[in-house]
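Protein sequences appear in the order of chains A and B.
Per our numbering, residue 62 is the first one in the first sequence, and the count goes up by one each step.
Per our numbering, residue 30 is the first one in the second sequence, and the count goes up by one each step.
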Amino acid sequence: GAGVSQTPSNKVTEKGKYVELRCDPISGHTALYWYRQSLGQGPEFLIYFQGTGAADDSGLPNDRFFAVRPEGSVSTLKIQRTERGDSAVYLCASSPAGDADTQYFGPGTRLTVL
Amino acid sequence: QKEVEQNSGPLSVPEGAIASLNCTYSDRGSQSFFWYRQYSGKSPELIMSIYSNGDKEDGRFTAQLNKASQYVSLLIRDSQPSDSATYLCAVNIGTDKLIFGTGTRLQVFP
Numbered sequence: 062g063a064g065v066s067q068t069p070s071n072k073v074t075e076k077g078k079y080v081e082l083r084c085d086p087i088s089g090h091t092a093l094y095w096y097r098q099s100l101g102q103g104p105e106f107l108i109y110f111q112g113t114g115a116a117d118d119s120g121l122p123n124d125r126f127f128a129v130r131p132e133g134s135v136s137t138l139k140i141q142r143t144e145r146g147d148s149a150v151y152l153c154a155s156s157p158a159g160d161a162d163t164q165y166f167g168p169g170t171r172l173t174v175l
Numbered sequence: 030q031k032e033v034e035q036n037s038g039p040l041s042v043p044e045g046a047i048a049s050l051n052c053t054y055s056d057r058g059s060q061s062f063f064w065y066r067q068y069s070g071k072s073p074e075l076i077m078s079i080y081s082n083g084d085k086e087d088g089r090f091t092a093q094l095n096k097a098s099q100y101v102s103l104l105i106r107d108s109q110p111s112d113s114a115t116y117l118c119a120v121n122i123g124t125d126k127l128i129f130g131t132g133t134r135l136q137v138f139p
C-alpha cells in the first residue's frame, strides 16, 4: 500500500513569509508525528496527534509553529513569519493505533528560508 | 547531557567486516529502543527494534541492549557498500515520541 506522503518535497520561501507543509499518513494510521531534521542532526520531535487532537505539542519551538489534523487523517504544519533558522527537513511519520513504536516516515519537505 | 548520544563518525570499515555502532541514553525510564538507517537525502527507515536486555538478531543485523549501562548497539555483519548510510539510534521514553541521536555515518569501502 501507499506510504506516508508529504507535499511539497521542496519549499523555498523568504524570511517573514507564511508556509504550510502537508502530510498524508498511511491509511488507517491513527497516530501522526511531525519531526524536524537539521543538517547533521537527528530528527527532533515537534508534535504528535492521536486522531484529531494534539496529544503532545511540547516540541514546537515557539508560537510561530502550529499544526492541525481536522479529520484525523491529513495534517498540516503551519509556520508563520518564517526565519532563516527554520530551514530544515520537516518529516512526518504515522503509526497504527496502539503501536507508537512502529513509526513510518514520509520523504520529508525540505524548507529553505532565504 | 543529550538524551541520546552517538559518535557522529564517520566509521569506516572494509567490505565483509563487522560494523559496530554504539549509542547511550540518559533516561532510565526508556522503554523501547530503535535503530533507523538513513541514506543521504532520504527519510529514516526502521531496521531494528529492541525492548529487553540482551541480543536480538535479524539477518546480518544484531541489536544489543544493556539497560543497566544505558547502552544500545547495532552490529552489522558482512558489511556491504550498500550499508553505507547514517544510522540513527532512537529511544521511546514512554511518551510515544522518539528521541533521536545525531546519527553515526557508516562508510563501507570495497
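Heads up, the beta-carbon is just placed ideally off N, CA and C, and yes, glycines get one too.
Everything numeric in this text was worked out from a predicted model, so none of it was measured.
Once DSSP output is grouped into helix, strand and coil, what is the label at residue i?
i      : result
A/R130 : coil
B/P139 : coil
B/S111 : helix
A/A146 : Ala is not the amino acid found at residue 146 of chain A; the sequence shown has Gly there. Note: A/G146 maps to helix in three-state DSSP.
A/Q164 : coil
A/L93  : strand
A/L175 : coil
B/K31  : coil
A/Q141 : coil
B/D56  : coil
A/Q98  : strand
B/E74  : strand
A/L121 : coil
B/N82  : coil
With 7 angstroms as the threshold, decide whether the Cβ of residue i is near any Cβ in chain A.
i      : result
B/S61  : yes
B/S72  : yes
B/T131 : yes
Return no unless some Cβ of chain B is closer than 7 angstroms to the Cβ of residue i.
i      : result
A/D162 : yes
A/G64  : no
A/F110 : no
Can you round the beta-carbon distance between residue i and residue j to whole angstroms, since I take them to be within the 8 angstroms contact cut?
i      : j      : result
B/I76  : B/F90  : 6 angstroms
A/Q98  : A/C84  : With 8 angstroms as the limit, A/Q98 and A/C84 do not qualify as a contact, their Cβ atoms being about 14 angstroms apart.
B/L135 : B/S102 : That belief does not hold up - the Cβ atoms of B/L135 and B/S102 are roughly 13 angstroms apart, past 8 angstroms.
B/I128 : B/Q60  : Wrong, their Cβ atoms sit about 12 angstroms apart, outside the cutoff.
A/T173 : A/P69  : 11 angstroms between Cβ atoms; not a contact.
A/R125 : A/R145 : Actually they do not touch by this definition, with Cβ atoms about 13 angstroms apart.
B/L94  : B/F62  : 6 angstroms
B/T131 : A/Q102 : 5 angstroms
A/L121 : A/I108 : 6 angstroms
Quick one: list the residues of chain A neighbouring residue i, beta-carbon separation under 7 angstroms, in chain order.
i      : result
B/S78  : D162
B/L135 : Residues of chain A passing the Cβ test: none, with the nearest at roughly 15 angstroms.
Whose Cβ in chain B lies nearer than 8 angstroms to the Cβ of residue i?
i      : result
A/G167 : S72
Residues of chain B with a CB under 7 angstroms from the CB of residue i: which are they?
i      : result
A/D118 : Going along chain B, no residue has its Cβ under 7 angstroms from A/D118, so there is no contact; the nearest lies around 10 angstroms.
Give the interface partners of residue i over in chain A, defined as CB-CB distance under 9 angstroms, in chain order.
i     : result
B/L40 : Going along chain A, no residue has its Cβ under 9 angstroms from B/L40, so there is no contact; the nearest lies around 15 angstroms.
Return yes when the C-beta of residue i is under 6 angstroms from any heavy atom of the ligand ADP, and no when it is not.
i      : result
B/N121 : Ligands displayed in this structure: none; no statement on the ligand ADP is therefore possible.
What residues from chain A crowd round residue i, counting only those whose CB sits closer than 8 angstroms?
i     : result
B/L50 : Those do not exist, as B/L50 stays about 13 angstroms from chain A at its closest Cβ, beyond 8 angstroms.
- Name, going along the chain, the residues of the region 139-154 of chain A whose beta-carbon falls closer than 7 angstroms to a beta-carbon of chain C. Of the chains in the structure shown, none is chain C; the protein chains are A and B.
- If contact means a Cβ-Cβ distance below 7 angstroms, which residues of the region 111-125 of chain B contact chain A? Listed by position along the chain: L117, N121, T124 and D125.
- With 9 angstroms as the limit, tell me which residues of the region 71-105 of chain A have their beta carbon closer than that to any beta carbon of chain B; keep them in chain order. Along the region 71-105 of chain A, the positions whose C-beta sits under 9 angstroms from a C-beta of chain B are A92, Y94, Y96, Q98, G101, Q102, G103, P104 and E105, read in chain order.
- Message: To be precise: take each residue of the region 80-104 of chain B, compare its Cβ to all Cβ atoms of chain A, and keep it if any distance is under 7 angstroms. Which residues remain?
- Response: Answer in chain order: no residues at all.
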